[in-house]
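Per our numbering, the sequence shown runs over residues 2 to 519.
Here is the structure we will look at, set down as structure tokens.
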Amino acid sequence: MDSNVRAVRSFKKLKPIAEVPATPQYITDFLPSPPNSLLLSSPSSNDRHVSSSDTSPVSSLGSPFNELGSLGGSSSLWHQPRLIQPPQSDAQKLAFKFERMEAFLKDSGFDSVGEFLKILFYNHSRVTGEPDPRGSCHVKAVSRFLQGRNKIKMADIIPLLYGHKHSAPSPSSPRYSERHAPFSSSVPPTEIFYARPCLFTWATNLVAAYIHREIYELGDKDESVHLRASTNGRQPDRVNLITWEALGKFSIAGLCEKYKDRAPVSWHLTESMAASRKNGTVILKKRRPHPIIQVGAISSFILARNHYANGDLAMVLGVWHFAAKSHIDVKRVYSRLGNIVSDTTIRKALDTLTGSSLSALRAAIQDATERGETEFALIIDNVQEYCQVYEGGIARENILKVGTAATAVRLDDCKPGAFDCKSHLLRVVQKERKELTVHSLWNDIDWLHQRSHRMREGRKTVVQPLGTNAEKEIETQGMARAIIDFDQQMGVTPEAARPFVGVITTPVGFARVGRPWG
Numbered sequence: 002m003d004s005n006v007r008a009v010r011s012f013k014k015l016k017p018i019a020e021v022p023a024t025p026q027y028i029t030d031f032l033p034s035p036p037n038s039l040l041l042s043s044p045s046s047n048d049r050h051v052s053s054s055d056t057s058p059v060s061s062l063g064s065p066f067n068e069l070g071s072l073g074g075s076s077s078l079w080h081q082p083r084l085i086q087p088p089q090s091d092a093q094k095l096a097f098k099f100e101r102m103e104a105f106l107k108d109s110g111f112d113s114v115g116e117f118l119k120i121l122f123y124n125h126s127r128v129t130g131e132p133d134p135r136g137s138c139h140v141k142a143v144s145r146f147l148q149g150r151n152k153i154k155m156a157d158i159i160p161l162l163y164g165h166k167h168s169a170p171s172p173s174s175p176r177y178s179e180r181h182a183p184f185s186s187s188v189p190p191t192e193i194f195y196a197r198p199c200l201f202t203w204a205t206n207l208v209a210a211y212i213h214r215e216i217y218e219l220g221d222k223d224e225s226v227h228l229r230a231s232t233n234g235r236q237p238d239r240v241n242l243i244t245w246e247a248l249g250k251f252s253i254a255g256l257c258e259k260y261k262d263r264a265p266v267s268w269h270l271t272e273s274m275a276a277s278r279k280n281g282t283v284i285l286k287k288r289r290p291h292p293i294i295q296v297g298a299i300s301s302f303i304l305a306r307n308h309y310a311n312g313d314l315a316m317v318l319g320v321w322h323f324a325a326k327s328h329i330d331v332k333r334v335y336s337r338l339g340n341i342v343s344d345t346t347i348r349k350a351l352d353t354l355t356g357s358s359l360s361a362l363r364a365a366i367q368d369a370t371e372r373g374e375t376e377f378a379l380i381i382d383n384v385q386e387y388c389q390v391y392e393g394g395i396a397r398e399n400i401l402k403v404g405t406a407a408t409a410v411r412l413d414d415c416k417p418g419a420f421d422c423k424s425h426l427l428r429v430v431q432k433e434r435k436e437l438t439v440h441s442l443w444n445d446i447d448w449l450h451q452r453s454h455r456m457r458e459g460r461k462t463v464v465q466p467l468g469t470n471a472e473k474e475i476e477t478q479g480m481a482r483a484i485i486d487f488d489q490q491m492g493v494t495p496e497a498a499r500p501f502v503g504v505i506t507t508p509v510g511f512a513r514v515g516r517p518w519g
């Protein structure tokens with residue numbers, strides 16, 4: 002029975018061997034070839050028949066991670082590469098970048114560094130309608146750099162170019178003359194080979210063009226800049242004539258702020274020329290402070306560019322020279338230097354000022370007369386001028402010119418009826434002022450009130466000079482003719498002046514005149 006029994010062998014079902022996936026491409030880039038190419042190379046067609054002892058299921062899978070185990074763990078032949086490199090020092094990083102730069106310059110495809118920079122900073126114009134040949138990465142990289150969104154900005158590159166040892170010609174160079182090229186405006190930057198003089202020339206021309214535009218804008222047509230001395234009457238509305246109000250607004254501090262705000266580059270350059278420095282800090286001197294000198298220089302620049310732009314300083318200084326009685330040759334010299342306007346322009350301006358201000362004075366006096374008030378006081382005094390003859394001749398001798406001058410002064414902050422002559426005469430008739438003396442007037446003044454109630458802030462006395470006549474104030478008839486002349490200039494009639502006290506003068510001389518409306 003035992004012989005009939007058939008032996009049955011049972012086989013255990015084995016699980017299939019899992020296939021090892023192929024090495025990904027992004028990992029193979031980090032795996033260098035093994036040092037022993039015979040061990041790690043794939044079998045060639047000549048070595049197809051190998052013994053079973055030379056091959057193993059592990060080596061047949063072809064996984065580079067399993068090949069390490071087939072080497073028997075020998076560290077001298079093979080080591081596993083690190084996917085994450087250890088941190089490098091700054092010197093190692095810089096050396097690697099220099100190696101990359103060397104390799105790039107050897108095989109960049111550009112003829113020179115200049116061609117590379119020209120292509121890199123290519124500025125595409127949309128006016129032509131042609132498509133932009135640059136790629137998106139190219140556009141973004143350049144825009145980020147030019148907009149200052151990178152760690153290294155243009156301010157870091159320009160000093161490297163300008164201060165490079167190869168950017169300027171050496172004394173032995175055949176182009177050593179280019180060192181002096183920046184100081185010649187006739188040499189364009191395109192004709193300069195070396196970088197440093199080329200950059201200097203380009204920057205100088207750029208700043209020169211900018212300040213040329215600034216001075217032009219400062220002299221542009223403006224109400225406060227263009228002051229006409231006179232007009233022919235054909236277009237009076239379009240002409241900004243000079244007025245006392247315009248001259249009264251003159252301020253050196255205001256001009257400083259104006260030039261700083263509207264011409265900052267010109268102001269900085271003139272400050273660099275005029276201001277002294279100590280340890281890099283600008284010093285303001287007590288004598289000849291540089292802001293005043295800058296205002297004078299820039300004002301002369303404006304007048305040289307546009308002879309109509311005389312409202313900043315030239316017209317004011319011209320009037321001052323006339324008031325100071327400067328010699329005509331002095332005025333001509335300063336006019337040639339661009340500091341003041343010509344003497345003819347000054348005299349026309351004064352005539353215009355006199356006519357316009359007298360018209361305003363007559364209108365104000367007429368309005369006050371209609372309201373029954375006094376708004377102006379007249380102050381007169383005698384004037385003399387000794388005219389000496391420097392060149393002799395027939396009937397020429399030194400003479401003393403005499404005359405009478407007057408000024409109309411506006412009475413501000415006065416109560417209505419303060420200068421009413423009728424109430425004064427009524428008190429005199431009623432003998433209410435027979436005991437009035439200088440001491441009683443002195444005692445009537447409330448000095449505490451005067452001390453606490455001062456002149457209001459910002460008040461400026463309005464004055465109007467009148468035309469001087471040749472009358473002698475010391476003579477009775479001369480005083481009478483002088484007063485009548487001044488009243489006619491102001492537009493005051495005897496009927497209008499009768500109720501008011503309108504003249505302040507010496508009591509004795511005024512009493513001799515016997516003015517019926519005084």
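C-beta: ideal position from N, C-alpha, C; glycine also.
From a predicted model like this one, the values you see are computed outputs, not experimental measurements.
| query | result |
| --- | --- |
| Given 8 Å, three or more beta-carbon pairs between the segment 261 to 273 and the segment 312 to 320 | no |
| Where Arg372 falls: helix, strand or coil (DSSP) | helix |
| The segment 163 to 172 touching the segment 191 to 198, judged by at least three CB pairs closer than 8 Å | yes |
| Sufficient close CB pairs (3 or more, under 8 Å) joining the segment 241 to 249 to the segment 321 to 335 | no |
| Residues that Glu386 bridges to, as DSSP identifies them | Lys402 |
| Paired residues, beta bridge with Phe377 - DSSP | Arg411 |
| Cβ contact check for the segment 469 to 484 and the segment 356 to 370: 3 or more pairs under 8 Å | no |
| Where Arg229 falls, given that 16 or more other Cβ within 10 Å makes a residue buried | buried |
| Gly404 vs Thr469 beta-carbon contact at 9 Å | yes |
| Cβ distance (whole Å) where His322 is taken to contact Ile341 below 8 Å | 6 Å |
| Chain D contact for Glu458 (CB, 9 Å cutoff) | Among the chains in the structure shown there is no chain D, since it carries only a single protein chain. |
| Under 9 Å between C-beta atoms of Phe122 and Val143 | yes |
| Any alpha helix (DSSP H) of 4 or more consecutive residues that is wholly inside the segment 421 to 472 | 422 to 430, 439 to 445, 448 to 453 |
| Contact set for Ile253: own chain, Cβ-Cβ below 7 Å, skip 5 residues either direction | Ile293, Val296 |
| Straight-line Cα distance separating Phe420 from Arg363 | 19 Å |
| Beta-ladder partner(s) of Leu1, from DSSP | Since the first residue shown for the chain is 2 and the last is 519, residue 1 is missing from the structure and cannot be characterised. |
| Boundaries (first-last residue) of the alpha helix (DSSP H) holding Ser277 | No alpha helix (DSSP H) contains Ser277, which is instead part of the beta strand (DSSP E) from 277 to 279. |
| Range covered by the beta strand (DSSP E) that runs through Ile523 | As displayed, the chain neither begins before 2 nor continues past 519, which places residue 523 out of reach and without an answer. |
| C-beta atoms of Val464 and Val429 nearer than 9 Å | no |
| Rounded C-alpha distance that separates Val188 from Leu207 | 14 Å |
| Which of helix, strand or coil DSSP assigns to Ala310 | strand |
| Short Cβ contact (9 Å threshold) for Ile381 with Phe302 | no |
| Length of the line joining the Cα atoms of Lys286 and Gly249 | 27 Å |
| Three-state secondary structure assigned by DSSP to Asp157 | helix |
| C-beta atoms of Glu224 and Ala264 nearer than 9 Å | no |
| Element boundaries [alpha helix (DSSP H), containing Lys214] | The displayed chain sequence assigns Arg, not Lys, to residue 214. Counting along the chain, the alpha helix (DSSP H) containing Arg214 begins and ends at 196 to 219. |
| Span separating the alpha-carbon of Val240 from that of Lys222 | 11 Å |
| Under 9 Å between C-beta atoms of His291 and Ser300 | no |
| Spatial distance of Tyr211 from Arg101 (CA atoms) | 41 Å |
| For Lys259, the nearest candidate out of Val226, Glu103, Glu374 (CA to CA) | Val226 |
| Where Thr370 falls, given that 16 or more other Cβ within 10 Å makes a residue buried | buried |
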